[in-house]
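Sequence positions in the sequence shown follow my numbering and run 31 to 317.
Even for Gly, the Cβ is constructed at its ideal location relative to N, Cα and C.
All figures in this text were calculated on a predicted structure; none of them were measured in a lab.
Here's the structure we're looking at; comments come further down.
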Amino acid sequence: MGEAVKLPMRRGFGVTDRIDAWWKGPTAMAIYLGVMIAYSTWRGFMEADFWIFSEFGRSAGVQTMAIENQHSHVLSPLFSPLILPGGEGLGGPIPEFLWWMSPAMFILIFPAGFRGTCYYYRKAYYRAFMAQPTACAVSKPWNEYKGETKLLVVQNLHRYFMYAALAYLPILSYDVLLSTQFHDSANGTDAIGFSVGTLVLALNVILLSGYALGCHAFRHLVGGGTSDWTSSGIARLKYKLWSFSTYLNVHHKDWALFSLFWVMFADFYIYACTMGWWTDAVLWGGL
Ligand code: FES
């Protein structure tokens, strides 16, 4: 084996011979991810009974999780499936000492874990937040790369978060369906239709599907461990699924970034409508 060749590199944080604006990418990513994390954290606490948010949250009688437009239910993806601690239905079995938690807190751990351990996001936030590495051929503040050891072995949970993330796709699709069901309880009338909110939720499902089904772990799940693509119907189906996942995987970064933005936008859309800033216009059907 030949000897490893060390390229000459100037030393010192951010020192480089590069003359391009190498810092733009990591800086933009840090801002983008920082805004998304701050927004989702703010919203995650919003429906909780914390005094600081009481003027916004359920404790003040204002619900900002879902629009009830002609009694169609347009639920924010940050709060779906809706678990109301202490309430009826899904929240019923929640122990009383957890009733202070917001509905989002019960469920965001899974999407957050999925994104936080995603191979693409790891690359992005290691660079953006920890300068590890700073950029190609740019000196970094820390010593050598030690790999994902110690606490970072938690990243190996990605495939398990992926299973959980897949379960969200039918749940969020069901929310799209719910947003097309209109009811007039006074007259007992039912109708179907769709609003801007329906389209917002539907696009959210499309983007999240593109992101989750192009996941490296999903690609391995459907096509890994075999070289037989033709001998049976199952083998051919696996090949088709693997090909489809590969097709999505090529642009995994784009799916990751656009789907993240759209989840937050979908939530903000619903928040803005519940606050009366925007109106969820019914585009077709309804009552
Ligand atoms: S690798 Fe990105 S979601 Fe799995």
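- With 16 or more other CB atoms across the displayed protein chains lying within 10 angstroms of its CB, Phe144 is buried.
- With a cutoff of 9 angstroms on beta-carbon distance, Pro125 and Ala296 are scored as not near each other.
- Excluding sequence positions up to five before and after Lys283, its CB lies within less than 7 angstroms of the CB of Tyr150, all in the same chain and listed in chain order.
- Taken through DSSP and simplified to helix, strand or coil, Asp310 comes out as coil.
- Between Met59 and Arg189, the gap from beta carbon to beta carbon reaches 9 angstroms or more.
- In the structure shown, the three-state DSSP call for Ile300 is helix.
- Under the three-state reduction of DSSP, Thr260 is assigned to coil, being neither helix nor strand.
- Annotation note: the region 224-274 contains the following uninterrupted alpha helix (DSSP H) runs of length 4 or greater, listed N- to C-terminal: 226-243, 246-253.
- Closer than 8 angstroms to some heavy atom of the ligand FES: that does not describe the Cβ of Ala197.
- By DSSP's assignment, Glu98 forms a beta bridge with His103.
- In the DSSP assignment, no residue is bridged to Thr210.
- The region 152-166 makes no contact with the region 201-216; the number of CB pairs closer than 8 angstroms stays below 3.
- As computed with DSSP, Ile222 is found in a beta bridge with Gln211.
- Contact annotation: Asp205 and Ser110 have beta-carbon atoms nearer than 9 angstroms.
- With a contact defined as Cβ atoms closer than 8 angstroms, Trp314 and Gly223 qualify at about 5 angstroms.
- Note on geometry: alpha-carbon atoms of Ala311 and Val226 lie some 6 angstroms from one another.
- The straight-line gap separating the alpha-carbon atoms of Met66 and Asp220 is approximately 38 angstroms.
- If you check the C-beta of Tyr69 against the ligand FES, you find no heavy atom less than 8 angstroms away.
- Closest in alpha carbon position to Gly218, among Met160, Leu317, Phe191, is Leu317.
- The closest heavy atom of the ligand FES lies 8 angstroms or more from the beta carbon of Cys166.
- In the DSSP assignment, Thr147 falls outside any alpha helix (DSSP H) and carries neither an H nor an E.
- Phe136: member of the alpha helix (DSSP H) spanning 133-137, first to last residue.
- Val168 is positioned such that its CB atom lies closer than 9 angstroms to that of Val45.
- Separation of the CB atoms of Glu178 and Ala134 is rounded to 28 angstroms, and the pair is thereby denied contact status at 8 angstroms.
- For Val183, the closest of Ala216, Ala194, Gly146 by C-alpha to C-alpha distance is Gly146.
- Excluding five sequence positions before and after Phe248, the CB atoms of its chain that fall closer than 7 angstroms to its own CB belong to Met192, Ala242, Ser275, given in chain order.
- For Phe75, the enclosing alpha helix (DSSP H) covers residues 54-76.
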